[in-house]
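Sequences listed follow chains A and B, in order.
Residue numbers for the first sequence follow my numbering, so the first one is 707 and each next one is one higher.
Residue numbers for the second sequence follow my numbering, so the first one is 430 and each next one is one higher.
Glycine residues also receive a C-beta, built at the ideal position from the N, C-alpha and C atoms.
Treat the numbers as computed from the prediction; the structure is a model and nothing was measured.
In what follows, a structure is listed as structure tokens, so that the remarks can point back to it.
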Amino acid sequence: MRDNATQGIDRRRFVGMIGAGATMSVAGCLGGSNGGNGDDGVQIGLLAFEPGSAPQGTAQEYAAELAVDEINDDGGVLGEEVELHVANYQGSPTTAEDRYLEFVVDDNVDMTAGVFQTEVMLDLMENIAEHQVVHISGGNTSPEVSRYLADDYDRYKYHFRPYGNGVLWAESVAEFAGYMHEEEGWDRVAVLNEEFEWTQPFSEDLPDLLEDQGIEVPYNERYPGDTDNFTPMFDSIEGEDADAVLMSMAHTAGPAQIQWRDEEREFAIAGLISQINDPGAHEAFDGATEFAMSNTPGVHTAELTDQTIPFAENYYDEFGVYPNDAFSYATYDGIKMWAEVVEQEETTDSEAIVPALASHTYEGTRGTVAFNGEGDEFPHDAQFGEDRLRRVNFQWQVDDDGDGIQEVVYPEDLATADYQEPEWF
Amino acid sequence: MVDIVGIVANTLILGSLYALIAIGFTLVFGVAGQANLAHGGTITVGAFTAWFVAGMGYGVWIGLVAATVMGALFHVVLHSVFVKHTDDPVNVLIITLLAWLVIEYSFRAAVGTDPRSVPSMLAGSTSIGGVSFLYNNLLIFVISWLFIIGLFVFINYTKVGQAIIATGQNEKGAALVGINTNQITLLVWAVAGLLAGSAGVMYGTFRAASYDMGMMPLVLAFAIVILGGIGSIRGSLIAAYVIGFLEVFTTTAISPRLSGMTALIVIILVLLYKPTGLYGRELPH
Chain A
707 MRDNATQGID RRRFVGMIGA GATMSVAGCL GGSNGGNGDD GVQIGLLAFE PGSAPQGTAQ
767 EYAAELAVDE INDDGGVLGE EVELHVANYQ GSPTTAEDRY LEFVVDDNVD MTAGVFQTEV
827 MLDLMENIAE HQVVHISGGN TSPEVSRYLA DDYDRYKYHF RPYGNGVLWA ESVAEFAGYM
887 HEEEGWDRVA VLNEEFEWTQ PFSEDLPDLL EDQGIEVPYN ERYPGDTDNF TPMFDSIEGE
947 DADAVLMSMA HTAGPAQIQW RDEEREFAIA GLISQINDPG AHEAFDGATE FAMSNTPGVH
1007 TAELTDQTIP FAENYYDEFG VYPNDAFSYA TYDGIKMWAE VVEQEETTDS EAIVPALASH
1067 TYEGTRGTVA FNGEGDEFPH DAQFGEDRLR RVNFQWQVDD DGDGIQEVVY PEDLATADYQ
1127 EPEWF
Chain B
430 MVDIVGIVAN TLILGSLYAL IAIGFTLVFG VAGQANLAHG GTITVGAFTA WFVAGMGYGV
490 WIGLVAATVM GALFHVVLHS VFVKHTDDPV NVLIITLLAW LVIEYSFRAA VGTDPRSVPS
550 MLAGSTSIGG VSFLYNNLLI FVISWLFIIG LFVFINYTKV GQAIIATGQN EKGAALVGIN
610 TNQITLLVWA VAGLLAGSAG VMYGTFRAAS YDMGMMPLVL AFAIVILGGI GSIRGSLIAA
670 YVIGFLEVFT TTAISPRLSG MTALIVIILV LLYKPTGLYG RELPH
């Protein structure tokens, strides 16, 4: 097995890091500290994608800052101040490995969080296993990540995802399509997905889940992540007389939304459209999101728990925007949950924290977070269900002031508005 | 089911836009012998200029004019400050690549990574022969051809245009008969910037404006110029429609997974089997 720790880093620096790491490890053993890393407080490292310019990384950074501030306001962890380190991994696996090594070796962090792209996360799994520091993901989606744990739990058990994975999300999207089949006559539904690892469940599992509910799937295609011309695909979907298209995408929502609206396509658009889950998307896309729908862990308009709205409002007061998808909700919940477990176990030692975290239940902003166990299909991914986490499907609608608002249309008990047909239908 | 009429309609619109993008690139290549990789950046400059101007309330048409001017201005500055001081084509390649990256990173820092919607030049749609066309897309077709025809007339029927042809044929010879070849080269860069800036606006109304939007048009411009024959405007026109058709046909009739790949395959095949392209290395005429 290759040693990822040596990838993308020059040998002299790597040797230096190992030396520094060894020295710190010895010092840690001799010192017998059970809180953080001695006198330096508790350290958290966040790997964010282009924080400040990309919405995903910015949301992770904001959520982590808010969580850490609140923890410190409540007295810190184990009586120590929590310090947050944020690194931009620029969407590159190599850069992510470099920044991760700096966190665990130079900064001696007690846990890491973040990472948005699945491809980057898959590459980091070996590093996490090697350094045995708890990592709580904040946005990557592919079931491939949890399959590492299913295949070799003891090696990869340090990884947690407090928001599940794409298989569960595809099931949630299918459930919504079933509802629209009953309510709005979605009898023929197209499936169109960006060519990334995380969207595989939407190409492989979703069509079967739709057909099980009596919905025909006449079109199921994937397209490259740099596509900006959707007209031919939309022509084909319209040619198939589809009532809706379910898309999973994280990079191409702009051109897809704009062309769908400008070309006044005769089918609804829904699925898991990561970019429009951002509450700032309506403004950022200059209104092109209106009538589009997406599946998300939470929106600030829906009270999933009694924590949802206070969290969203605090977040807004602090940063001037509302929380964005799992990047915000799960990063915030993940860090707070870890801190709660550390307090409970009175140590940051991963060997104690991993089993405690795996069996812990945490009342978060979206519901009760609890993780699948070692023998489950997706170990350490969050559980879904009535008394666990739920996902909502919202539609971008425009209020009386002309502002875009994310209105939940399903599940019905959480709905904040009725579904609106596009005005050109 | 393959929609032939839809494929033809999309090809006509895409092809004209691609032609507008590629002609400026081939003009600089053919006359000045310089491959301007910042051409993709100029498209970004054009799209965001129109987006800013429209956002300030002046409308997208003023935005189109502003983008055209900004595109030309960007090229004039790029050429005057950097490119004209180097004779080595490789250095030109590096300088323009860096300029493109600076443009991309600047827009990413200023606007962020979210795509922006450049307003349509004309809202609404009409039906021609049973096929629905957005007015905006019809305008893209018309405006692209107005620019192309304007360039054709300028080059073939004006003194300055003749000087451009002469400079492209033989720079030293042109200088010997009294043509200021430095000024001609600068003019060609400015015209290319003008075309790319306007193409950026139309590309933005058709798709979206984003900091990295220049990559695909640049790849397409390369494919078109290589297929059409380096320096040939006529070849670029035909090649633009061929590339446009291949993209639309591949996405519609074969698989969306292959979109974007056809242009690269064309580059490889042409370089292998007909390196001179459809019209060889000829001059604008």
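Rounded to a whole number of angstroms, what is the C-alpha to C-alpha distance between residue i and residue j?
i: Ala-733 (chain A); j: Val-839 (chain A); result: Bear in mind that the predicted position of Ala-733 (chain A) carries a pLDDT of just 39, short of 50, making it too unreliable to give a figure here.
i: Gly-664 (chain B); j: Ala-501 (chain B); result: 24 Å
i: Val-437 (chain B); j: Ile-667 (chain B); result: 15 Å
i: Ser-556 (chain B); j: Phe-1025 (chain A); result: 47 Å
i: Asp-1124 (chain A); j: Val-1115 (chain A); result: 6 Å
i: Asn-566 (chain B); j: Gly-553 (chain B); result: 10 Å
i: Val-630 (chain B); j: Ala-538 (chain B); result: 20 Å
i: Ala-1121 (chain A); j: Asp-1012 (chain A); result: 16 Å
i: Gly-633 (chain B); j: Trp-1044 (chain A); result: 45 Å
i: Asp-1106 (chain A); j: Asn-1020 (chain A); result: 25 Å
i: Phe-674 (chain B); j: Ala-1062 (chain A); result: 59 Å
i: Asp-1119 (chain A); j: Gly-1079 (chain A); result: 29 Å
i: Gln-1101 (chain A); j: Ala-1076 (chain A); result: 28 Å
i: Phe-576 (chain B); j: Ile-452 (chain B); result: 10 Å
i: Ser-843 (chain A); j: Asp-1031 (chain A); result: 13 Å
i: Asp-934 (chain A); j: Val-510 (chain B); result: 33 Å
i: Phe-1131 (chain A); j: Phe-570 (chain B); result: 27 Å
i: Glu-803 (chain A); j: Ala-793 (chain A); result: 11 Å
i: Gly-931 (chain A); j: Ile-584 (chain B); result: 39 Å
i: Asp-911 (chain A); j: Glu-836 (chain A); result: 33 Å
At which residues does the alpha helix (DSSP H) containing residue i begin and terminate?
i: His-508 (chain B); result: 488-510
i: Ser-878 (chain A); result: 872-890
i: Ser-852 (chain A); result: 849-857
i: Gly-1202 (chain A); result: Residue numbering for chain A in the displayed model covers 707 to 1131; residue 1202 (chain A) lies beyond these limits and cannot be assessed.
i: Glu-825 (chain A); result: 824-837
Tell me the residue span of the beta strand (DSSP E) that contains residue i.
i: Trp-647 (chain A); result: With chain A covering 707 to 1131 only, the question about residue 647 (chain A) has no answer from this structure.
i: Asn-557 (chain B); result: The residue you asked about is not Asn; residue 557 (chain B) is Ile in the sequence shown. It spans 554-557 - the beta strand (DSSP E) in which Ile-557 (chain B) sits, taken as one unbroken run.
i: Thr-818 (chain A); result: 817-820
i: Thr-801 (chain A); result: No beta strand (DSSP E) contains Thr-801 (chain A), which is instead part of the alpha helix (DSSP H) from 799-807.
i: His-1002 (chain A); result: Correcting the residue identity first, residue 1002 (chain A) is Thr in this sequence and not His. Counting along the chain, the beta strand (DSSP E) containing Thr-1002 (chain A) begins and ends at 999-1002.
i: Ser-561 (chain B); result: 560-563
i: Asn-926 (chain A); result: 926-929
i: Ser-954 (chain A); result: 950-955
Relative to the ligand COA, is the shortest distance from any of its heavy atoms to the C-beta of residue i smaller than 7 Å?
i: Tyr-885 (chain A); result: Judged by which ligands are present, the structure shown has none, so any question about the ligand COA falls away.
Excluding sequence positions up to five away, which residues of its chain have a Cβ less than 8 Å from the Cβ of residue i?
i: Met-831 (chain A); result: Val-851, Tyr-854, Tyr-862 and His-865
i: Val-560 (chain B); result: Val-434, Gly-435 and Ala-438
i: Glu-825 (chain A); result: Pro-799, Phe-902 and Glu-903
i: Gly-657 (chain B); result: Ala-451, Thr-455, Arg-663, Gly-664, Ser-665, Leu-666, Ile-667, Ala-668, Ala-669, Gly-706, Leu-707 and Tyr-708
Can you list, in chain order, the residues of its chain with a C-beta nearer than 7 Å to that of residue i? Leave out the 5 residues immediately preceding and following it.
i: Ile-433 (chain B); result: none
i: Met-707 (chain A); result: Unreliable placement is indicated for Met-707 (chain A), whose pLDDT of 34 sits below 50; the coordinate value is still reported in the next sentence. Closer than 7 Å at Cβ, skipping near neighbours: no residue.
i: Asp-1143 (chain A); result: This structure cannot speak to residue 1143 (chain A), because chain A is shown only from 707 to 1131.
i: Ile-608 (chain B); result: Ala-592, Ala-595 and Thr-596
i: Gln-762 (chain A); result: Phe-755, Phe-822, Gly-845 and Phe-1033
Starting from the C-beta of residue i, find all residues in its chain whose C-beta is less than 6 Å away, skip the five residues before and the five after it, and write them out in chain order.
i: Pro-518 (chain B); result: none
i: Ser-954 (chain A); result: Asn-899, Thr-905, Phe-908, Gly-977 and Leu-978
i: Val-748 (chain A); result: Gly-742, Val-783, Glu-786, Val-788 and Asp-816
i: Phe-1017 (chain A); result: Thr-1071
i: Gly-820 (chain A); result: Leu-752, Leu-753, Ala-754, Gln-766 and Gly-844
Measuring only between beta-carbons, confirm whether residue i sits less than 8 Å from chain D.
i: Gln-1103 (chain A); result: Here the protein chains are A and B, and chain D is not one of them.
contact_flag[the segment 433-451 of chain B, the segment 668-682 of chain B] where n(CB pairs < 8 Å) is 3 or more: They touch, by the three-pair rule.
Against chain B: residues of the segment 917-945 of chain A by CB proximity under 9 Å: Correct list: Glu-927, Arg-928, Tyr-929, Pro-930, Asp-932, Thr-933, Asp-934, Asn-935, Phe-936, Thr-937, Pro-938, Met-939, Asp-941, Ser-942, Glu-944 and Gly-945.
Stretch pair the segment 903-912 of chain A + the segment 867-878 of chain A: three plus CB contacts closer than 8 Å: With a cut-off of 8 Å on Cβ pairs, the segment 903-912 of chain A is in contact with the segment 867-878 of chain A, counting three or more such pairs.
Touching by the beta-carbon criterion (3+ pairs, under 8 Å), the segment 614-624 of chain B and the segment 446-464 of chain B: Flag = yes, the segment 614-624 of chain B and the segment 446-464 of chain B touch.
Touch test, the segment 772-779 of chain A against the segment 804-814 of chain A, Cβ-Cβ under 8 Å, three pairs minimum: These segments do not touch.
Validate contact between the segment 476-491 of chain B and the segment 536-548 of chain B using beta carbons, cut 8 Å, 3 pairs: The segment 476-491 of chain B is in contact with the segment 536-548 of chain B.
Near-chain B residues of the segment 981-995 of chain A - C-beta to any C-beta below 9 Å: Correct list: Gln-981, Asp-984, Gly-986, Ala-987, Ala-990, Phe-991, Asp-992, Gly-993 and Ala-994.
Cβ contact (3+ pairs, closer than 8 Å) linking the segment 940-953 of chain A and the segment 969-976 of chain A: Yes, the segment 940-953 of chain A is in contact with the segment 969-976 of chain A.
Where the segment 747-773 of chain A meets chain B: residues whose CB sits under 8 Å from a CB there: Against chain B - using a Cβ distance shorter than 8 Å - the residues of the segment 747-773 of chain A are Glu-756, Ser-759, Ala-760 and Pro-761.
Members of the segment 533-557 of chain B near chain A, C-beta cut-off 8 Å: Identification of residues in the segment 533-557 of chain B having a C-beta nearer than 8 Å to some C-beta of chain A yields Arg-537, Ala-538, Gly-541, Thr-542, Asp-543, Pro-544, Arg-545, Ser-546, Pro-548, Ser-549 and Ser-554, given in sequence order.
Any 3 or more C-beta pairs closer than 8 Å across the segment 984-999 of chain A and the segment 1045-1058 of chain A: No contact exists between the segment 984-999 of chain A and the segment 1045-1058 of chain A.
Chain B contacts from the segment 950-961 of chain A (Cβ-Cβ distance under 7 Å): Legend: CB atoms of the segment 950-961 of chain A lying less than 7 Å from CB atoms of chain B belong to residues Gly-960 and Pro-961.
Residues within the segment 638-667 of chain B neighbouring chain A, beta-carbon criterion of under 9 Å: Taking 9 Å as the Cβ-Cβ cut-off against chain A, the residues of the segment 638-667 of chain B that qualify are Ala-638, Ser-639, Tyr-640, Asp-641, Met-642, Met-644 and Met-645.
Contact residues within the segment 685-699 of chain B, judged by C-beta distance below 9 Å to chain A: Listed by position along the chain: Pro-685, Arg-686, Leu-687, Ser-688, Gly-689 and Met-690.
The segment 965-981 of chain A: positions lying closer than 9 Å to chain B by Cβ: Going along the segment 965-981 of chain A in chain order, one finds Gln-965, Arg-967, Asp-968, Glu-969, Glu-970 and Gln-981 with a Cβ nearer than 9 Å to chain B.
Interface residues of the segment 479-506 of chain B facing chain A [CB-CB below 7 Å]: Those would be none; no residue qualifies.
Where the segment 894-905 of chain A meets chain B: residues whose CB sits under 9 Å from a CB there: Only those residues of the segment 894-905 of chain A whose C-beta falls short of 9 Å from the nearest C-beta of chain B are listed: Leu-898 and Glu-901.
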